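If you're matching them up, the sequences are chains A and B in order. Sequential numbering from 1185 applies to the first sequence in my numbering. Sequential numbering from 3 applies to the second sequence in my numbering. Just so it is clear, CB atoms sit at the ideal spot from N, CA and C, and this is done for glycine as well. From a predicted model like this one, the values you see are computed outputs, not experimental measurements. This report refers to the structure that appears directly beneath it.
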Amino acid sequence: MYRKRRIVIDGLEDKQGRSLLVISALYHCCSQLSDAEIRFVDVDSGAVRGAVDLLRWETGLDVRIPVDLGEYGGSSIFAGASLYAAIRLNSLDGLHVAEAKFFKVPLLLALQFLPESATSEHLALLQPAHDPVLFAQHLIERMR
Amino acid sequence: MTERATARLPTILAVGMHNSVHLARWINMMRGSFARFVVLPVYIENPAPELRPWSPVASRSDVEALGPGEVGIFQFTKSDAQRHVAWYADRAAGRLFPSSLGLETNPSLIQTDELVAAIRTLQPDIVHTMEVQLAGYLALGAKRYLGNAMPPWLLSNWGSDIYLYHRLPEHRPIVLELVQAVDGYLAECRRDVQLVRRLGLKGHVFDPMPASGGIDFSTVPALNRLTPPSRRSTILVKGYHGWSGRGMHILSALHLAAPALRGHRIRVQFCSAAMLEMMRAMAESDGLDIAPVPYAPTHEEALSRIADARIVVGIGISDGIGTTLLEAMCYGAFPIKATTSCACEWIRNGRDGIIVDPHDVKSLAEAIVRAALDDALVDAAAPRNRACVEERWDVGRNNAAGQSIYRHMLGDARRAAVTAA
Chain A
1185 MYRKRRIVID GLEDKQGRSL LVISALYHCC SQLSDAEIRF VDVDSGAVRG
1235 AVDLLRWETG LDVRIPVDLG EYGGSSIFAG ASLYAAIRLN SLDGLHVAEA
1285 KFFKVPLLLA LQFLPESATS EHLALLQPAH DPVLFAQHLI ERMR
Chain B
3 MTERATARLP TILAVGMHNS VHLARWINMM RGSFARFVVL PVYIENPAPE
53 LRPWSPVASR SDVEALGPGE VGIFQFTKSD AQRHVAWYAD RAAGRLFPSS
103 LGLETNPSLI QTDELVAAIR TLQPDIVHTM EVQLAGYLAL GAKRYLGNAM
153 PPWLLSNWGS DIYLYHRLPE HRPIVLELVQ AVDGYLAECR RDVQLVRRLG
203 LKGHVFDPMP ASGGIDFSTV PALNRLTPPS RRSTILVKGY HGWSGRGMHI
253 LSALHLAAPA LRGHRIRVQF CSAAMLEMMR AMAESDGLDI APVPYAPTHE
303 EALSRIADAR IVVGIGISDG IGTTLLEAMC YGAFPIKATT SCACEWIRNG
353 RDGIIVDPHD VKSLAEAIVR AALDDALVDA AAPRNRACVE ERWDVGRNNA
403 AGQSIYRHML GDARRAAVTA A
């Protein structure tokens, strides 16, 4: 049975979370995501809910915020996912990195400013963490 | 004015956010000899100081006692406790309108039965709702109840009220019902006129006008008394970040453009704690002179900041004209706005200002750098922009247009009364 590829996106928008920037990135790659289901997790703001509604209306993407994770058969939303993506200010704390790794989900986790323990991955994603066009390119590459 | 002439004046019930400077500006533009204005607040708050002088009104005789130019503010009789009880009952019954993105529905919002009672008591000739999601939805509730007994209803569409909300699933059915229920429609943007026609508007459409009405240009210094834009070094950022504003995107653009902006002062208005955290990180890593500015206590102070700015940047996913755009055009600051506003109806992109996709941060960075470095561009834009707002945002011109709108609505009311008789 055909199943859409699932992208899980960090929906936090606060001092650390930058989900509105990820939403902007999705506008730049929507034509390449027509076969994907995009799900935002950890959303706690009306601004992100509104922006997700608007993204769906404007692009036709299958994008939403799951109300009930039971729709994943009692399993994790990460089971079978193709990507876990996030932009954060300078820390990955609070992201579901361990869970995503457990299910062998590829990661695209960009930081806008380097932490003390920066990796080459962090360095490579510094610009995309501010530039939605670049982040969209990385997102599509990681999906391949 | 004679007592007899005063008694014949039509009454306009303005429903809206009475603490808003935009509502106050509109009322101040229109108050005078041709009609009486009574403001019906949409929530419990203190009125904007700019609305003075005003008098409390609770009855038709209070309205008739208003002096020339004096505005009434309707006084509700429901207690807070009664309002809470009614609100929870409406919520339990699913009778509440959906919340706007910026304000959760709550018991301090005025309820439909209160507007219905005010209309029955005051017998206004026109109900004018200023803004859609609070005032417009409230009046829609009243119209559902009053039916043909509802006075002619003029809807002012502020900013992105319909442009954004008709695309949100929870709001779309309400917006569709509302545009088909109003008798007159006044938008800020031509964009929205086309949109509401597509959505099924049946009422009269008036020529678009800024929600704030207009300003008295005799109080605005001539451009040659201000520092030329090319000699100003401040980049003023509208830092709203939330349901529409994308202040964080602007900060990211400034970060990308940092090497070209080190000689400039960047000042950010309306900062949240998250914006402050981001700015601290930028100041540390980018060497930028970037700092928040506190909320301006007076409008004059807010305007003086714009007059000091070379560039004013405001980006969002949905907007109308944006009063900051008009103020920037008044004071010679070069505007940078998003394609999701109707700035293109006021400025030519790349010449009088720059209009960018709100989702394209790199293009925004390039626009900021261009405006920061190109002296000829910002100096040439200033007089063109000033001439444009002097023509289209002038209080005298727009007062006449406003009177014409109200007279048209009153004419419709009289025709309807004759037909009914």
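Asked, Found
"Length-filtered (3 minimum) beta strand (DSSP E) runs lying within the segment 5 to 75 of chain B", "13 to 18, 38 to 43, 56 to 59"
"Cut-off 6 Å between Cβ atoms - residues of its own chain near I1324(A), not counting five sequence neighbours on either side", "C1213, Q1216"
"CA nearest to the CA of T107(B), picked from Y45(B), A285(B), G249(B), L53(B)", "Y45(B)"
"Neighbourhood of P49(B) by C-beta, 7 Å cutoff - its chain only, sequence neighbours within 5 removed", "H20, N21, W56, I75"
"L170(B): contacting residues in chain A (beta-carbon distance under 8 Å)", "G1234, D1237, L1238, W1241"
"Spatial distance of D218(B) from A311(B) (CA atoms)", "21 Å"
"Closest residue to G1230(A) among P43(B), S101(B), P12(B) (Cα-Cα distance)", "S101(B)"
"Where Q271(B) sits in the DSSP three-state scheme", "strand"
"Below-7 Å beta-carbon distance, E279(B) vs any chain A residue", "yes"
"Length at least 3, wholly inside the segment 219 to 275 of chain B: the beta strand (DSSP E) runs in chain order", "236 to 240, 267 to 271"
"A283(B): contacting residues in chain A (beta-carbon distance under 9 Å)", "L1273, N1274, Q1296, F1297"
"Contact with chain A by K364(B), beta-carbon distance below 7 Å", "yes"
"Inter-residue spacing [alpha-carbon to alpha-carbon] between D321(B) and V1251(A)", "29 Å"
"Same chain, Cβ closer than 8 Å to R174(B), neighbours up to 5 away in sequence not counted", "Y167, H168"
"Counterpart residues of K339(B) in DSSP-defined beta bridges", "I357(B)"
"Closer than 9 Å at the beta carbon, the chain A residues around A275(B)", "D1198, K1199"
"Contact list for H1322(A) against chain B, beta-carbon separation under 9 Å", "Neighbours of H1322(A) on chain B: none; closest Cβ ~14 Å, over 9 Å."
"C-beta atoms of A293(B) and V314(B) nearer than 7 Å", "no"
"Cβ-based neighbour list, P171(B), same chain, cut-off 7 Å, excluding 5 preceding and 5 following", "none"
"Cβ shell of A137(B) (< 6 Å), same chain only, five flanking positions each side left out", "V17, G18, V44, T131"
"Contacts of G1230(A) in chain B (Cβ-Cβ under 7 Å)", "L103, W245"
"Status (buried if at least 16 other CB within 10 Å, exposed otherwise) for E1(B)", "Outside the displayed span of chain B (3 to 423) sits residue 1(B), for which this structure offers no information."
"Short CB-CB distance (under 7 Å) between L258(B) and chain A", "yes"
"Chain B residues whose Cβ lies nearer than 8 Å to that of S1203(A)", "Chain B residues near S1203(A): none, gap ~10 Å exceeds 8 Å."
"Simplified DSSP state of M3(B), which is helix, strand or coil", "In this prediction, M3(B) has a pLDDT of 45, which is less than 50 and means its spatial position is unreliable; what the coordinates show is noted afterwards. Coil."
"Nearest-angstrom Cα separation, counted from A1284(A) out to G216(B)", "55 Å"
"Residue-chain proximity (S63(B), chain A), Cβ-Cβ < 7 Å", "no"
"For Y1268(A), the three-state DSSP class (helix, strand or coil)", "strand"
"Neighbourhood of G1264(A) by C-beta distance below 7 Å, restricted to the same chain and skipping five residues each side", "R1190"
"Proximity below 7 Å, CB of L366(B) to CB of A262(B)", "no"
"C-beta contact flag for A1320(A) and A1209(A) at 7 Å", "yes"
"Contacting residues, own chain, Cβ-Cβ under 6 Å from G249(B) (five flanking each side not counted)", "G241, Y242, H243, M277"
"Same chain only: Cβ atoms within 6 Å of L188(B), ignoring 5 sequence neighbours per side", "S158, F208"
"Beta carbon proximity, S1208(A) to chain B, threshold 7 Å", "yes"
"Per DSSP, the bridge partner or partners of M132(B)", "S158(B)"
"The segment 1209 to 1227 of chain A: positions lying closer than 9 Å to chain B by Cβ", "A1209, L1210, Y1211, H1212"
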